[in-house]
Structures are given as C-alpha cells and as structure tokens.
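Residue numbering for the sequence shown follows this note's numbering, starting at -11 and increasing by one per position.
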Amino acid sequence: MDEHEAIHTHGGSQDDHSHGHNTSSTSRRKLAAVSVINLLGFFAELAGGLLFGSVALLSDAFHMLFDALAYVMAFAAAHVADRYGGSDRWSYGLHRLEPLAAFLNGLLLLPMVGFILWEAYQRFLNPIEIGTVPTLAIAFGGLLVNVGSVYVLQGGEMSLNERGAFYHLIGDAGGSLAVIVSTIVIEVTGVRIVDPITAALIAVVVTWSAVKVLRGSGAIFLHRTPVDAEEIRSHLLGVEGVKSVDDLHAWQICSQITVATTHIETDVETMTDAETVIRHVHKELDHYGVNHATVELYLGCGDCDTHLIQHAH
C-alpha cells in the first residue's frame, strides 16, 4: 500500500436497515395502540372531573390528553420517516423527525403544568365538595389505562419516542394513584385542600417528564456523543495494525441510528492487511452500537500527520 494512500470505508449493511425497519414498525404499532387507549382514558377522566368537582382528576385528565397527543405525534413522525424517507435526497431518510417530535412533545407538557397549577390555585382559594365514589372509580379506571399502556410499550429496546411515552405513562400512573389517595384522605378527614395540593404534585411529575424528554431530544440535536469515545479509542488501539486513532466522532440521527467517523493510522503494507484492519475497526464500532461508520485508514508520514492534526477536533 502506497504511503500516501488512504482507504475510506462506510459501514451499515442491508440487514441493519431491515432490522431497523422491523423495529420501527413495531414501535409505530405500540404508539398507535397507546394513543387510542389514552384518548379514551382522557374523555373518561375529563367527564368525571367536571361532573364530580375534582381538580386533581381534571389535572390527570389533561395530563393524559397531552400524552395522547404526544403519542399521536410520535406515531406520525415514525410513520412518515419509514414510508417517505427512502429517497437519495435525504441522507438518512426522515428519521430526524423522531427527536423533533419528542422535543415538541416535551414543550407541550409545559403549558399543561401552568394550567394545572392555575386550577389548583383557584381550587385552593375556593374549595368545593368532591363526589368521592365516582371520582375513585374513574381514577382507578385511569390507573388501569396507564398500566395497560405500560404493558403495551414494555419489552425490548425502546426508541426515543417510546421512552418519552413510557416516562409519561409512569407519571400518569403516579397521577392516578395521587388522585385515589387524595380522594380517600378528603373523605376520611374532610380537608378539601388536599385536592389542589395533589394537583400541584402532579404538575411536578409532569415537569419531570418534560425535562427528561427535552434532554433526550436536545442531546441528539446538539450532537452529544452517545458513546464513551475514550473507551472506544482504547479498544481500537488494541486492534492489530492500528498505530493511532487521530480523530473519532460519534453522534445520533435518531435514537436508533448512531453514526461515527474515524481516522486510523496503520503500519500494514498490503491492501489485504488494510482491509482486515478495517473489518476489525468496524466490528469494534458495531459492538458499541454504531450503525453507520466511515473509517479512513492511512500510513503515517510527516505530511499526513501534520494534515490530520490541523483538522482534528
């Protein structure tokens, strides 16, 4: 191999794409099922909150509504990415829609927090009597909806949107439990202020959910590396024929597609040995969840070293 020759290879097989498509199809079905379940739960809790005067139940109902809308957006993003993003015009299809939908979902949670806190404040100023038995019945129904949705989502590796939905559902389940407990406490003690306090606690849970989703989607948009670069670098240096790893970058297109590029200095002398080194490098990157990799292999020399150092980040 000539000392000035650099070999570029790109990882990512057809099997990887097929596997990703199957995983995404399963994800879409889960998100669609959870959307329907939560919309039904919202209408039930909304009716109950209005009829029986529980602001905590109303808060949980709107929490469920925004979650259902979030799942619909996530489903739409996954559907469009899989069905309409296969042309060469988009380097990685439309999979970037996944973190975009997750980010918008997180933002949608924030105005809901304001609404819950405002209603809780109004109820704090003017407590009203709550219909205990029907409120408990509806809250238990909401809890069953959340548990059923968690059952649909759980199992296997979850996408960013599925993780966002999972966090929402955990928050919803906590909200339903809080409504149940507060209603029982009000019935036993007669202290009606427990209802707005419970609503405020639900708002805290909603805020936590929003922060989790915003951080996850924001990390993808800002290209935070999803892998331990130093650990990968040390493993690559252990590959026979690798002298140094001059440049290594990794980022995500969406939660299921990780991309990496690296410049590798080698001391091998034949094309056959160089291809062997490249295969081993791809294998190491694949071990860390990299779906698409570009590997540049070159022989060390004065000019080459200077060039790469100047372009290192």
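Heads up, the beta-carbon is just placed ideally off N, CA and C, and yes, glycines get one too.
All figures in this text were calculated on a predicted structure; none of them were measured in a lab.
Using C-beta distances below 6 Å, list every residue in its chain close to residue i, excluding the 5 sequence neighbours before and after it, in chain order.
i	result
S273	The question names Ser, yet the displayed sequence has Leu at residue 273. So the list reads A248 and A281, once near-sequence residues are dropped.
S47	I104, A187 and I190
E107	V43
A238	T213, V215 and A248
V140	K18, A21 and V22
G178	none
G37	L45, L46 and A49
L132	none
L157	N134, S137 and V138
Q321	Residue 321 lies beyond the stretch modelled for the chain, which goes from -11 to 301, so this question has no answer here.
S205	P87, A90 and F91
Using the Cβ count rule (16 or more neighbours within 10 Å means buried), how would you classify residue i?
i	result
L39	exposed
A300	Low per-residue confidence applies at A300: pLDDT is 37, beneath 50, and the placement is therefore not dependable enough to give any value.
G226	exposed
Y286	buried
M52	buried
R111	buried
E253	buried
G162	buried
N114	exposed
E117	exposed
S79	exposed
V24	exposed
S222	exposed
I220	buried
R84	buried
F30	buried
E218	exposed
L210	exposed
V176	exposed
Residues in its own chain within less than 8 Å of residue i by CB, not counting five upstream and five downstream?
i	result
N10	Its pLDDT being 49, under 50, N10 is placed unreliably by the model, and the measurement read from it follows with that caveat. Excluding sequence neighbours, N10 sits near nothing in its chain.
H342	Past the edges of the chain, shown from -11 to 301, lies residue 342, and the structure says nothing about it.
V265	V227, E228, G229, V230, I252, T254, V256 and L285
I174	I118, T120, R180, V182 and D183
I245	G8, Y80, H83, N279 and H280
R203	none
Determine the extent of the alpha helix (DSSP H) in which residue i is found, giving its start and end residues.
i	result
E107	L85 to L113
S232	Premise fails: S232 lies in the beta strand (DSSP E), V230 to C242, not in any alpha helix (DSSP H).
G206	V182 to F209
S222	A217 to L225
Apart from the five residues just before and just after residue i, which ones in its own chain have a Cβ nearer than 7 Å to its Cβ?
i	result
A198	G94, L97 and L98
A20	F63
L165	L131
I126	A32, E33, G36 and L45
F54	L96, L97 and M100
F128	I168
L27	A56
Y276	V215 and I220
Which residue marks the beginning of the beta strand (DSSP E) containing residue i, and which one marks its end?
i	result
I266	Looking at the DSSP string, I266 is not in any beta strand (DSSP E); the run it does join, the alpha helix (DSSP H), is M259 to H275.
I118	No beta strand (DSSP E) holds I118; DSSP gives it neither H nor E.
V278	Per DSSP, V278 belongs to no beta strand (DSSP E) and is neither H nor E.
V247	I245 to T254
According to DSSP, which residues form a beta bridge with residue i?
i	result
Y80	L82
Can you check whether the C-beta of residue i is within less than 7 Å of a C-beta belonging to chain D?
i	result
F30	No chain D appears in the structure shown, which is made up of a single protein chain.
For this session: Would you be able to state if there are at least three C-beta pairs under 8 Å between the segment 228 to 238 and the segment 121 to 139?
Result: Contact between the segment 121 to 139 and the segment 228 to 238 is absent, because fewer than three Cβ pairs lie under 8 Å.
Exercise. How about the segment 115 to 123 and the segment 53 to 62: do they share at least three Cβ pairs that are nearer than 8 Å?
Worked result: Cβ pair count under 8 Å is below three, so no.
For this session: Report yes or no: do three or more beta-carbon pairs, one from the segment 160 to 177 and one from the segment 88 to 99, lie closer than 8 Å?
Result: They do not touch, by the three-pair rule.
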